[in-house]
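Below is one structure, written out as structure tokens; comments come after it.
2 protein chains.
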Amino acid sequence: MYQTVTAEIVEKLKEICGARNVIFNDEEKLEAYSHDEVAEKEYAHMPEVVVKPGSAGEVAAVMKLANELKIPVTPRGAGTGLSGGAVPIYGGILLSVENLNRILEVDLDNLMVVVESGVITNDINEELKKHGLFFAGYPMSLQSCFIGGNVAENAGGGRAIKYGVTGRYIMGLEVVLPTGELVWFGGKRVKDVTGYNLVQLMVGSEGTLGVITKVIIKLLPLPTAKVDLLALFPDIETAINVVPLIMTKAGIIPTGIEFMDRLSVTTTHQYLGEKMAYPETGAVLLIELDGTSQEQLRNDAMAVSELLMENGVIEVYAAETPDTQEKIWKIRRNVAEAFKAIDPVQTLEDIVVPIASIPKVIPMLSGLSEKYNVLIPCYGHAGDGNLHATVVKKAEMDMETWKKVLPQVLADMYRAVHELGGTISGEHGIGHKRKEFLPLVMGEPEINLMKRIKLAFDPNNILNPGKIFDIA
Amino acid sequence: MYQTVTAEIVEKLKEICGARNVIFNDEEKLEAYSHDEVAEKEYAHMPEVVVKPGSAGEVAAVMKLANELKIPVTPRGAGTGLSGGAVPIYGGILLSVENLNRILEVDLDNLMVVVESGVITNDINEELKKHGLFFAGYPMSLQSCFIGGNVAENAGGGRAIKYGVTGRYIMGLEVVLPTGELVWFGGKRVKDVTGYNLVQLMVGSEGTLGVITKVIIKLLPLPTAKVDLLALFPDIETAINVVPLIMTKAGIIPTGIEFMDRLSVTTTHQYLGEKMAYPETGAVLLIELDGTSQEQLRNDAMAVSELLMENGVIEVYAAETPDTQEKIWKIRRNVAEAFKAIDPVQTLEDIVVPIASIPKVIPMLSGLSEKYNVLIPCYGHAGDGNLHATVVKKAEMDMETWKKVLPQVLADMYRAVHELGGTISGEHGIGHKRKEFLPLVMGEPEINLMKRIKLAFDPNNILNPGKIFDIA
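As they're listed, the protein sequences go chains X and H.
Last residue of the first sequence: 471 in numbering that gives the first Met the number 0, with the numbers rising by one and none dropped.
Last residue of the second sequence: 471 in numbering that gives the first Met the number 0, with the numbers rising by one and none dropped.
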């Protein structure tokens, strides 16, 4: 169905992007573009050719050519994705935006920044810091990910309660459509109802609807003060039940509320060789507050602490300085590593449920864990219901059994999550890692509608095909 | 192209919705459904039949029938729109959601509310007040508009700087597709990247992609304290230049910043028979602050006032009580009435520009005003660049001349706004009032893409046809 990339086509691509921005016939260099951060090798696939356009015009020329010849094109940011979104599963052209790496304008009058899609997210905030501003999107990988990938995946992270996710700050996008037209959606406008919201349709579309070349981002004043609270609880219910109370009773919207279950906490302590202060700890919350006044924050932290104490906390620690904050965060930062030490064979999941349903998730996961003889530690962003349950193979289980049980674990988990009003991805995306499971949480009319939208953008289905769903 | 509504079809509609929920052959009752709040009569059009379904299932049955028979269906909320979005310009079926008027669930654990689309927006907030919560969407017509219409138009209002517009709070939608399928997009999930963002594609789609039947809304803690500042400036530049400084220099995000130009201020004072305290006033800002601590707000108000004084304000008045706040708002609330008294023949516009470009809008409007001999007062939401420039006929101009010059004034205005990086609607929508002007601010590839998306939802183009654009 798709055309393969011939030497003649490679010549044309070299004419468009320059010879040094095209990789062909070089296994070693191509390999780096065959996977993202998904651990499992079976989700990787080699591209036939890699191109690194230096301008939106070059991207458009590549797309026009590919659309004419029906060659699949997979756009790629920094490759930090967690669902295989940037993996060229049909080969073809891998289009890396790494050369679109300029911060074009810091617009202080409009409180917006204009960047190319290949800029590292943290570099934007480093530049903005000078002006007392920041981009409030906060993916955990911000030191290495590209802003274009953040937009394509609608990256989330740990600060969504207060700041929302990436999409909230995306005001305008320059996009190359699958058919090669260069278009602009939105602009430096805080309000805009002129036609459909194509900006937010692009956000989170996983590179299937267009290649993002420029991004206009709305900025906020940089918070100057921060207080973190570490709260230990006897059990999960007590911990989770307090989460909405912080907002309703104390009237405070924290920056983030991270959660770890007992298995995550004990395993990570063991991994780090640290002793638990309260061995009876059944769950932990990490509550972040930020703002412009240290005094106000101290009052807020006091109010939250009192609320926690009225609601069954074992102990609360507050941290106001970077040093003490780092100490508080140490366990949370090392959870993933701790479980990789147990067995590297595992799958990082990204389920999301209504926050009130979190207490029901943990017994459900324990049930699956027993039924299938796997570990399922659970940690993540409690304030927004997004839990990185991670299915980990026990060291003693052989790979054949693992490969048989894993799809069953996932299907059971996803069905249960769906019944709780949740879904299978809060921030990592569907990619090709989860596409076979999409019908478990979404009806046929909704999926068919998405396919028709895909074809409205991409009639030949050449842009990142085989992601989210397959077009028959 | 479309089938007309016969007596036989009316019988089928009565079977679906019940006889008392169908209006047919009753000019007087039908007339109420022939227009929205657009003042100009030429934008009105009579429906052939009005149906008022009582459930999503009934809506689906109506849509299925209409799609089979190719009868146009125009969905309608409270009819408070300002772009003709709910006007049945091809006749056919007017589908009113007025009977879908139940608040279904106040979910305190998830901080969300589930409502049917025909609930009056303010009724939701009255119910939420009891629980110390609110829905932060804030259309100016909230006393009468329906939440379904707010979603369909992505209603804005005066508090978008701090709270954003309607779309930010819409987490899930039950929708009847033009082809009659009943679907759910999103849910009670703060984060969700499972497939395309169909929730936000529906938001602001002006009833052209589906009929909204249920809405899940995210809530915030109700602010308990409020301070308003009225600031008088010698000229527009001084007033507008201070707007971004409030956020960047003072680090404060106000709830809203309303703006009035000299013509609006002087005309409204004359209309109300009030004397201006400072006759040299060239522009006014109304700055709203809200929060949970009166003390903190007082400090913020002080910081903002100091900033204003350092930046050329003539005088600042602060109001902390509802009485004094009402006084401060009196002029702003009466602007529209003041100009209706001059001549009721006028068109309320809804242009939006990057906030830094507002100073350039006013001389542009003055130029048009002189060139075409019309009044163009300008007021609105300065904090988000959304200005309700209103083209008002002078009493002495005859209607023939007015009808000739108005399209020229609008075309000139829209072109100028587009050059400033703005667009033709910030919160009122395109409807059929502005559709002929869309190509002035949007390229052909973008408009064609929207048409293809429309047809992906509505292959027979029967749902609210002739809005935003025409399908050839």
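Note that CB positions come from ideal geometry on N, CA and C, so glycine has one too.
Bear in mind that the values here come from a model prediction, so they are computed numbers and not experimental data.
Fill in: Ile169 (chain X) vs Val214 (chain X) beta-carbon contact at 8 Å
yes
Fill in: Positions along the region 419–431 of chain H whose CB lies within less than 8 Å of some CB in chain X
Cβ contacts with chain X come from Gly420, Gly421, Thr422, Ile423, Ser424, Gly425, Glu426, His427, Gly428 and Ile429.
Worksheet item: Roughly how many angstroms lie between the CA atoms of Ile361 (chain H) and Leu81 (chain H), to the nearest whole one?
Response: 23 Å
Fill in: Against chain H: residues of the region 124–141 of chain X by CB proximity under 8 Å
Listed by position along the chain: His130, Gly131 and Leu132.
Fill in: Expected contact under 8 Å - CB spacing of Glu426 (chain X) and Val164 (chain X) to nearest Å
Rounded to the nearest angstrom, the Cβ distance from Glu426 (chain X) to Val164 (chain X) is 7 Å, consistent with a contact under 8 Å.
Worksheet item: Within the 8 Å Cβ cut-off, does Tyr475 (chain H) reach chain X?
Response: Given that chain H is displayed from residue 0 to residue 471, the structure contains no residue 475 (chain H) and the question cannot be resolved.
Discussion item. Let me see if you follow: with CB-CB separation under 8 Å, is Thr389 (chain H) close to chain X or not?
Written reply: Judged by the 8 Å Cβ criterion, Thr389 (chain H) is not in contact with chain X.
Practice prompt. Would you list the one or two residues that DSSP bridges to Arg75 (chain X)?
Written response: X:Ser95
Fill in: Whole-angstrom C-beta distance between Phe134 (chain X) and Leu218 (chain X), which should lie under 8 Å
6 Å
Practice prompt. Since I believe Arg158 (chain H) is in contact with Gly255 (chain H) (beta carbons under 8 Å), could you give me their beta-carbon distance rounded to a whole number of angstroms?
Written response: 5 Å
Worksheet item: Mind checking Ser116 (chain X): buried by the 16 CB within 10 Å criterion, or exposed?
Response: Ser116 (chain X) counts as buried, since at least 16 other C-beta atoms from the protein chains shown sit within 10 angstroms of its C-beta.
Worksheet item: Counting contacts by CB-CB distance shorter than 8 Å, is Val202 (chain H) in contact with chain X?
Response: yes
Worksheet item: Relative to the alpha-carbon of Gly465 (chain X), which residue among X:Gly442, X:Ile429, X:Ile452 and X:Met441 has its alpha-carbon at the smallest distance?
Response: X:Ile429
Worksheet item: In chain order, which continuous runs of the alpha helix (DSSP H) of length 4 or greater are located wholly inside the region 253–320 of chain H?
Response: Along the region 253–320 of chain H, the alpha helix (DSSP H) occurs as fully enclosed runs of 4 or more residues at 261–271 and 293–309, listed in sequence order.
Worksheet item: At what residues does the alpha helix (DSSP H) containing Ala455 (chain H) begin and finish?
Response: First-last of the alpha helix (DSSP H) with Ala455 (chain H): Glu443 to Phe456.
Worksheet item: Whose Cβ in chain H lies nearer than 8 Å to the Cβ of Glu445 (chain X)?
Response: Val182, Trp183, Phe184, Gly194 and Leu197
Worksheet item: Going by other Cβ atoms of all chains shown within 10 Å of its Cβ, with 16 needed for buried, is Ser356 (chain X) buried or exposed?
Response: buried
Item to complete: Give a yes or no on contact between the region 70–81 of chain X and the region 27–42 of chain X, applying the rule of three or more CB pairs nearer than 8 Å.
Response: yes
Practice prompt. Taking Phe258 (chain H) as the reference, give the member of H:Glu26, H:Asp383 and H:Asn447 with the closest Cα.
Written response: H:Asp383
Discussion item. Checking 8 Å against the spacing of the C-beta atoms, do Val86 (chain X) and His44 (chain X) come in under that value?
Written reply: yes
Worksheet item: Cα-Cα, which of H:Pro253, H:Thr291, H:Ile251 and H:Ala230 is closest to Val264 (chain H)?
Response: H:Ala230
Worksheet item: At what residues does the beta strand (DSSP E) containing Glu205 (chain X) begin and finish?
Response: Taken as a continuous stretch (DSSP letters only), Glu205 (chain X) belongs to no beta strand (DSSP E), as it is neither H nor E.
Item to complete: Report yes or no: is there a C-beta of chain X within less than 8 Å of the C-beta of Arg414 (chain H)?
Response: no
Item to complete: Report the residue from X:Asn98, X:Leu244, X:Ile252 and X:Pro222 whose alpha carbon sits nearest the alpha carbon of Lys248 (chain H).
Response: The candidate whose alpha carbon is nearest that of Lys248 (chain H) is X:Pro222.
Worksheet item: What three-state label does DSSP hand Ala230 (chain H) in the structure shown?
Response: strand
Worksheet item: So which residues on chain X does Arg75 (chain H) lean against when the C-beta distance must stay under 9 Å?
Response: Near Arg75 (chain H) there are no residues of chain X at all, since even the closest Cβ is about 18 Å away, more than 9 Å.
Worksheet entry | Contact under 8 Å by Cβ, Tyr32 (chain H) with Ser95 (chain H) | yes
Worksheet item: Going by Cα to Cα distance, which pick from H:Leu110, H:Tyr270, H:Asp469 and H:Pro458 is closest to Pro220 (chain H)?
Response: H:Leu110
Practice prompt. Starting from Asp342 (chain H), follow the beta strand (DSSP E) in both directions and report where the run begins and ends.
Written response: Where Asp342 (chain H) is concerned, there is no enclosing beta strand (DSSP E), given that its DSSP letter is neither H nor E.
Discussion item. Can you list, in chain order, the residues of its chain with a C-beta nearer than 7 Å to that of Phe468 (chain X)? Leave out the 5 residues immediately preceding and following it.
Written reply: Lys434, Leu437, Ile446, Met449 and Lys450
Worksheet item: Should Met201 (chain X) be labelled buried (16 or more other beta-carbon atoms within 10 Å of its own) or exposed?
Response: buried
Worksheet item: Considering only the beta carbon of each residue, do Lys453 (chain X) and Thr193 (chain X) sit closer than 8 Å?
Response: no
Discussion item. Only counting the same chain, and skipping five residues up and downstream in sequence, which positions put a Cβ closer than 8 Å to that of Ile251 (chain X)?
Written reply: Ile245, Leu288, Asp299, Ala302 and Val303
Practice prompt. Can you pull the chain H residues whose beta carbon is under 7 Å from the beta carbon of Ile467 (chain X), in chain order?
Written response: Below the 7 Å Cβ cutoff, chain H contributes Gly194 as neighbours of Ile467 (chain X), in chain order.
Worksheet item: Taking the continuous beta strand (DSSP E) assigned at Glu104 (chain X), which residues delimit it?
Response: Its beta strand (DSSP E) spans residues Ile102 to Asp106.
Practice prompt. Check the Cβ of Thr291 (chain H) against every Cβ in chain X and list those closer than 7 Å, keeping chain order.
Written response: Gly250
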